[in-house]
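**Student:** Input: one structure, supplied below.
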Amino acid sequence: MAVVIDHLYKAYEEKDGEMQYILNDLCLNIEKGEFICVLGKSGCGKSTLLNCLTGYLKPDKGSITVSGAEIHGPGPERGVVFQQHALFPWRTVSKNIQFGLNMKHSKEARAVAQKYIEMVGLTGYENKYPLSLSGGMAQRVGIARALANDPEVLLMDEPLGALDALTRDSMRKEIERIWKLTEKTVLFITHSVPEAVYLADRVIILNRGRVQLDQKIELERPRNINDPKFSAYVQQFESTITGVESNAVITE
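So for the sequence shown, the working numbering puts the first residue at 1; every next one is plus one.
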């Protein structure tokens, strides 16, 4: 397994003398090369789970292992892409992507950065600064920066949430293309049910800090949002999340 999350607990506060667990005995296994999307209502534990996976938060109980090694903090085997691209505005596209490699004094930092610039479709923008880029371009740089360190697992925290609908649609396709090229293991947090159905091998729905549903998506790629089977998955997941039957029409 690429990632094993074993009986994970994380609490933030006490109420009436009892700990209030955001993650409550959460267990999840992720195979190498899988694309996992995590859904759930606000407060269900999605972001807390991701922050435990990145190593920014320490679980109260339980463990997380990546390729058999238990994690105890941030590490290069896990690349992170945030909703806000978090690029250094004073560094060019190429220099942003090289940042982690420079920290390791890699002699091939420039060549590696160029490889990923080409992969994410930003050839010609090497010397541009983040303020001159569109939102979608900036997120491509963020993805390239995460990939440049060659992580075993890519953790993505609503990376398309701040983009407009058209850019989000094109970036969705870009992320799928890059995933196929790199064959990375991906855990992708999103609020968008259609986005999860479009991207995921498996969709995980969290509820009160536990896995409520773990569903494999049996659809060929590239996926067609007008396929009745696609709509059926969307309605199933929306019903699970809201607890009511859904007749939602996909507009994304």
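All C-beta atoms, glycine included, are put in the ideal place defined by N, C-alpha and C.
Model, not experiment: these values are computed from the prediction.
Please name the residue, chosen from 207, 57, 239, 231, that lies closest to residue 38 on a Cα-to-Cα basis.
**Tutor:** On the sequence shown, residue 38 is found 38 positions in, with the first residue counted as 1. Closest option to residue 38, Cα to Cα, is 207.
**Student:** Which of the three DSSP states is assigned to residue 106 in this structure?
**Tutor:** Mapped onto the sequence shown, residue 106 falls at position 106. DSSP places residue 106 in coil when its eight states are reduced to three.
**Student:** Measure from the alpha carbon of residue 231 to the alpha carbon of each residue in 202, 198, 212, then state which is nearest.
**Tutor:** The count along the sequence shown starts at 1 and reaches residue 231 at position 231. Checked all of 202, 198, 212; the closest Cα to residue 231 is 198.
**Student:** Can you grab the Cα-Cα spacing for the pair residue 73 / residue 196, in whole Å?
**Tutor:** Against the sequence shown, residue 73 aligns to sequence position 73. Against the sequence shown, residue 196 aligns to sequence position 196. Using only the alpha carbons, I get a separation of about 28 Å.
**Student:** Quick check on DSSP: helix, strand or coil for residue 224?
**Tutor:** Looking up residue 224 in the sequence shown gives position 224. In the structure shown, residue 224 sits in coil (DSSP, three-state: anything other than H, G, I, E or B).
**Student:** Measure the C-alpha to C-alpha separation of residue 176 and residue 53 and round it to an integer number of angstroms.
**Tutor:** Locating residue 176 in the sequence shown gives position 176, where the first residue counts as 1. Locating residue 53 in the sequence shown gives position 53, where the first residue counts as 1. If I take the Cα positions, the gap works out to 22 Å.
**Student:** May I ask you to report which of helix, strand or coil DSSP gives residue 247?
**Tutor:** Locating residue 247 in the sequence shown gives position 247, counting from the first residue. For residue 247, the predicted model reports a pLDDT of 46, less than 50, meaning its position is unreliable; a value from the coordinates is still stated below. Residue 247 falls in the coil class under three-state DSSP.
**Student:** Nearest CA to the CA of residue 29: which residue from 200, 2, 133?
**Tutor:** Numbered from 1 along the sequence shown, position 29 holds the residue referred to as residue 29. Out of 200, 2, 133, 2 has the C-alpha closest to the C-alpha of residue 29.
**Student:** I'd like to know if the segment 67 to 82 and the segment 217 to 229 are in contact, where contact means that at least 3 CB-CB pairs between them fall below 8 Å.
**Tutor:** no
**Student:** Candidates 171, 166, 186, 132: which alpha carbon is nearest residue 155's?
**Tutor:** Counting from one through the sequence shown, the residue named residue 155 turns up at place 155. The shortest Cα separation from residue 155 among 171, 166, 186, 132 belongs to 186.
**Student:** Taking C-alpha atoms, which residue in 224, 212, 225, 227 lies nearest to residue 40?
**Tutor:** Position 40 of the sequence shown holds residue 40. Looking at the Cα atoms, 212 is the closest of the given residues.
**Student:** According to DSSP, simplified to helix, strand and coil, what is residue 61?
**Tutor:** Taking the first residue of the sequence shown as 1, we reach residue 61 at position 61. Looking at residue 61 - three-state DSSP - the assignment turns out to be strand.
**Student:** Determine contact between the segment 100 to 115 and the segment 154 to 171, defined as no fewer than three beta-carbon pairs at a distance below 8 Å.
**Tutor:** For the pair of segments examined, the segment 100 to 115 was found not to touch the segment 154 to 171: the number of CB pairs separated by less than 8 Å stays below three.
**Student:** Is it a yes or a no for the segment 47 to 63 touching the segment 222 to 237, going by three-plus beta-carbon pairs under 8 Å?
**Tutor:** no
**Student:** Given residue 163, which residues of its chain have a CB within under 8 Å of its CB, disregarding the five upstream and five downstream residues?
**Tutor:** Taking the sequence shown and counting its residues from 1, one reaches residue 163 at position 163. Apart from the 5 residues on each side of it in sequence, residue 163 sits with its Cβ closer than 8 Å to the Cβ of 135, 136, 139, 171 in its chain, given in chain order.
**Student:** So the candidates are 76, 43, 35; which of them puts its Cα closest to the Cα of residue 55?
**Tutor:** In the sequence shown, the residue the question calls residue 55 occupies position 55. Looking at the Cα atoms, 76 is the closest of the given residues.
**Student:** Considering only residues of the same chain and omitting the five flanking positions on each side of residue 157, which have a CB-CB separation below 8 Å?
**Tutor:** On the sequence shown, residue 157 is found 157 positions in, with the first residue counted as 1. Hits under 8 Å: 47, 50, 80, 81, 82, 83, 189.
**Student:** Measure from the alpha carbon of residue 201 to the alpha carbon of each residue in 99, 210, 181, 223, then state which is nearest.
**Tutor:** Taking the first residue of the sequence shown as 1, we reach residue 201 at position 201. Closest by alpha carbon: 223.
**Student:** List the whole-angstrom C-beta distance separating residue 126 from residue 93, where the pair is believed to meet the contact cut-off of C-beta under 8 Å.
**Tutor:** The residue labelled residue 126 in the question sits at position 126 within the sequence shown. The residue labelled residue 93 in the question sits at position 93 within the sequence shown. With a Cβ gap of about 6 Å, residue 126 and residue 93 count as contacting.
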